[in-house]
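Quick notes on the structure that follows.
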Amino acid sequence: MSTDKHQVGDHKHHFAHHFRDAMHEFLTTKEGIWLFMVTEVMMFGGLFVGYFIMHSNYPGMFAEGASHLDWRMGAFNTIVLILSSWTMALGIHFIQTGKRNQATAALIFTIFCGIIFMCVKFFEYKAKFDHGLLPGNFFHAHEFEHANLPMYFGFYFCMTGLHGTHVLIGMGLITWVLIRHLKGEFDGEYYTPVEGVGLFWHIVDLIWIFLFPLLYLVG
13 MSTDKHQVGD
23 HKHHFAHHFR
33 DAMHEFLTTK
43 EGIWLFMVTE
53 VMMFGGLFVG
63 YFIMHSNYPG
73 MFAEGASHLD
83 WRMGAFNTIV
93 LILSSWTMAL
103 GIHFIQTGKR
113 NQATAALIFT
123 IFCGIIFMCV
133 KFFEYKAKFD
143 HGLLPGNFFH
153 AHEFEHANLP
163 MYFGFYFCMT
173 GLHGTHVLIG
183 MGLITWVLIR
193 HLKGEFDGEY
203 YTPVEGVGLF
213 WHIVDLIWIF
223 LFPLLYLVG
């Protein structure tokens, strides 16, 4: 079985025999990542469909639920994730153009944005737990108008919790490519893993842009 090699810094990247060259590997990997992203969109899409059906049946309940959320914290997190998408794109660009120090700073800043996002979510979740605004039978808040308000918080915790899990996974993946970048494994000829992780991060950010108005501004 023959392999091709591409020199990257002090490392050699090996291409499997079924790839013609680096570009063939890059395009094939990118197509695979996009197919994976389709499954992610379908997973969240199922939650969106359920959300829209229940919202059409109980608009007042969803408006009351949204009134218990702090839209300013949601808006702040939206800005943080949009900024992180920009720095992730910059990181990929800097790697492609051989600006290693700038790429390192951009990737670290992207991880830092993810940490900020999760810290804000922690305080949001803590406030909901403290006030008993929980899904299903765990709901024990007082002075609420709609008896089915726990359904709203079921959607809230399911959708934001699943999204937050993806943010944590994305942070782990960015840390992985950052470590490989610091080892000198990427350059303008080989940056496939960075591009793939960047696509994942952008999709995660895009999903939040839909979640924010649906959950925080529905009222």
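Residue numbers (the numbering used here): 13 to 231. Quick reminder that beta carbons are idealized off the backbone N, C-alpha and C, glycines included.
Whole-Å CB distance - residue i paired with residue j, under 8 Å assumed
i                 : j                 : result
phenylalanine 106 : valine 179        : Not quite, the Cβ-Cβ distance comes to about 23 Å (not below 8 Å), so this is no contact.
proline 162       : phenylalanine 151 : 4 Å
tyrosine 70       : asparagine 160    : 6 Å
leucine 146       : lysine 140        : 7 Å
threonine 90      : isoleucine 221    : 7 Å
glycine 176       : lysine 133        : 5 Å
valine 216        : isoleucine 104    : Rounded, the Cβ-Cβ distance is 16 Å, inconsistent with contact.
phenylalanine 74  : tyrosine 164      : 6 Å
histidine 193     : alanine 115       : 6 Å
tryptophan 238    : leucine 229       : Here the chain comprises residues numbered 13 to 231, so residue 238 is not present and cannot be evaluated.
Of the residues the options, the one placed nearest residue i, counting alpha carbons only
i              : options                        : result
isoleucine 186 : Ile120, Thr177, Val53          : Ile120
histidine 80   : Phe198, Glu207, Glu136         : Glu136
leucine 233    : Lys140, Val230, Phe212         : Because the chain here runs from 13 to 231, residue 233 falls outside it and cannot be looked at.
proline 245    : Ala118, Met171, Thr99, Lys138  : Outside the displayed range of the chain (13 to 231) lies residue 245, so it cannot be described from this structure.
leucine 39     : Cys131, Thr204, Tyr228, Asn89  : Thr204
isoleucine 181 : Ile123, Gly86, Leu229, Gly57   : Ile123
methionine 100 : Leu194, Gly196, Leu190, Leu223 : Leu190
glycine 234    : Glu157, Gln114, Ser97, Gly62   : Lying before the first or after the last residue shown, residue 234 is absent from the chain, which here runs from 13 to 231.
leucine 95     : Glu157, Phe74, Cys125          : Cys125
leucine 227    : Phe167, Leu194, Trp188, Leu218 : Phe167
glutamate 155  : Gln108, Ile65, Glu76, Met66    : Glu76
lysine 195     : Cys131, His143, His158, Asn113 : Asn113
glutamine 108  : Leu218, Val230, Glu197         : Glu197
alanine 118    : Leu102, Ser68, Gly86, His30    : Leu102
histidine 158  : Leu47, His193, Ala78, Phe64    : Ala78
glycine 173    : Ile219, Glu37, Arg32           : Ile219
glycine 44     : Val230, His214, Gly208, His143 : Gly208
glycine 184    : Asp142, Cys131, Ile127, Leu47  : Ile127
glycine 86     : His143, Asp33, Arg32, Cys131   : Cys131
For residue i, the three-state DSSP class (helix, strand or coil)
i                 : result
arginine 32       : coil
glutamate 197     : coil
glycine 144       : coil
histidine 80      : coil
aspartate 22      : The predicted position of aspartate 22 is uncertain, since its pLDDT is 49 and thus under 50; a value taken from the coordinates is nonetheless stated next. The answer is coil: DSSP assigns aspartate 22 none of H, G, I, E or B.
lysine 111        : coil
serine 14         : With a pLDDT of 36 at serine 14, under the threshold of 50, the modelled position of this residue cannot be trusted, and the question is left open.
phenylalanine 151 : coil
tyrosine 63       : helix
tyrosine 168      : helix
tyrosine 70       : coil
Residue i: first and last residue of the uninterrupted alpha helix (DSSP H) it sits in
i                 : result
glutamate 155     : No alpha helix (DSSP H) holds glutamate 155; DSSP gives it neither H nor E.
leucine 93        : 83-108
phenylalanine 224 : 204-228
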